[in-house]
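Enquirer:
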Amino acid sequence: MQMTLRWYGSKYDTVTLKQIRQIPGVTGVISTLYGTAPGEAWELEDILALKKEIEDAGLQLAGIESVNIHDAIKVGTPDRERYIDNYITTLERLGQADIHMVCYNFMPVFDWTRTELARMRPDGSTVLAYTQEAVDALDPEKMFESIAGDTNGTVMPGWEPERMARIKDLFAMYKDVDDEKLFANLQYFLERIMPTCDKYDINMAIHPDDPAWSVFGLPRIIINKANILRMTQMVDNPHNGVTFCSGSYGTNLENDLPDMIRSLKGRIHFAHVRNLKFNSPTDFEESAHLSSDGTFDMYEIMRALYDIGFTGPIRPDHGRMIWDEVAMPGYGLYDRALGATYLNGLWEAIEKQHRK
Ligand code: DNO
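Quick note: to get our numbering, add 18 to the position in the sequence shown (first position is 1).
(1) Could you check what DSSP says for asparagine 221 in three-state terms: helix, strand or coil?
(2) How about serine 266 and aspartate 216: are their beta carbons less than 8 Å apart?
(3) Does ligand 1 have a heavy atom nearer than 7 Å to the CB of tyrosine 101?
(4) Would you identify the three-state DSSP class for methionine 21, choosing helix, strand or coil?
(5) Taking the C-alpha atoms as reference points, what is the distance between arginine 321 and glycine 235?
(6) Could you check where the beta strand (DSSP E) with valine 145 kicks off and where it finishes?
(7) Using the Cβ count rule (16 or more neighbours within 10 Å means buried), how would you classify alanine 367?
(8) Excluding sequence positions up to five away, which residues of its chain have a Cβ less than 7 Å from the Cβ of glutamate 110?
(9) Does lysine 160 pass the burial test, meaning 16 or more other C-beta atoms within 10 Å, or should it be called exposed?
(10) Would you check if there are 3 or more beta carbon pairs closer than 8 Å linking the stretch 82-100 to the stretch 342-354?
(11) Near glutamate 369, what residues of its chain come up, given a Cβ to Cβ distance below 8 Å and the 5 sequence neighbours on each side ignored?
(12) Measuring only from the beta carbon, is tryptophan 130 closer than 7 Å to any heavy atom that is part of ligand 1?
(13) Along the chain, where does the alpha helix (DSSP H) containing arginine 266 start, and where does it finish?
(14) Taking 7 Å as the cut-off, does the CB of histidine 336 come closer than this to any heavy atom belonging to ligand 1?
(15) Can glycine 46 and leucine 68 be called in contact, C-beta distance under 8 Å?
(16) Could you tell me if glycine 81 is buried or exposed, where buried requires 16 or more neighbouring beta carbons within 10 angstroms of its beta carbon?
In structure tokens form, the structure reads like this:
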């Protein structure tokens, strides 16, 4: 595996490439052209400029998170063809720039959903948290407003204000889309892009829906083992793979994370590894990465990745806000650096144990 950190680009991130370079064992970043809108074809020169900036700082651009999917593709409206063509152009240009991993998601309307961005923990750190009761009590159109005050002045991916301004229209677009339709639209999209992925050796890595169930009555399909196996089999090409995100699949305590990892051998192209602490089955908070701080056995998760021969990029995921850092919720420097170091430590121990 290759340890990486997500980085939003010098215009948007509070964390610098220099700081990332100084985290021991982190050799790459996962980034994106953050200013682009879903559906746009990316310019080759913009991709190359991003890559150069990262390489000049002594790091590798290990993959893209995300090339977002236009809603027309998810809904399956006739104009999807144009947006799929643009997506293919972006993939071709990424391939020309020697970039071979693309993370994306197929969630309607909302990307990941949390009800609190700064829940205080006993040690004074603040974390992202989710309570089903809060979602149930909320008008979906007010979702963004309810958390907007805690973004620390940053623009959070998936929660861009321009997108949230269209929330009513977005809900209307999806009114006839159920799980089956969403699966069919995903299959159509994947079949169209696979020849390009084959040509440029691009691994597509779908991110799970977070939380891993339907919110506000919207369909959600990338949520459990059965669905993810269905997804990988319906377009049975090794380039059609997944981002294994422990914090997203883990929102549903019925998901057996190490078992899911083992069942996806050869199809995990990217890993997000973080812990969650459950206070009840419908209330969880994003604890520190250590097993002892949360609900998951992080050693077993890393061991399953090791056992399937995972070689792709991995990153610590949302960190706590600690040591008075002010940054995008979940994406500060300090706690993610601690997370990377901890995950690297687990990996070293597992590797050495296997060599014996
Ligand atoms: C949240 C992230 C997601 C993820 C996208 C992938 O912090 O894990 O926004 O990047 O769903 O497209």
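For each residue, glycine too, the CB sits at the ideal point set by N, CA and C.
Treat the numbers as computed from the prediction; the structure is a model and nothing was measured.
Expert: Taking the coordinates as given:
(1) strand
(2) It is not a contact, given that the beta carbons lie outside the stated cut-off.
(3) It does not: the Cβ of tyrosine 101 is nowhere closer than 7 Å to a heavy atom of ligand 1.
(4) In the structure shown, methionine 21 sits in a strand (DSSP, three-state: E or B).
(5) 36 Å
(6) 144-149
(7) exposed
(8) For glutamate 110, same chain residues with a beta-carbon under 7 Å away, outside a window of 5 residues either side, are Thr214, Tyr218 in chain order.
(9) Classification of lysine 160: exposed, given that the 10 Å Cβ count is below 16.
(10) In short, these stretches do not touch, since the Cβ pair count stays below three.
(11) Tyr324
(12) Checking every heavy atom of ligand 1 against the Cβ of tryptophan 130, one is found closer than 7 Å.
(13) One point to set straight first is that residue 266 is serine, not arginine, in the sequence displayed. For serine 266, the uninterrupted alpha helix (DSSP H) run begins and ends at 264-267, by DSSP.
(14) Under cutoff, so the answer is yes.
(15) no
(16) buried
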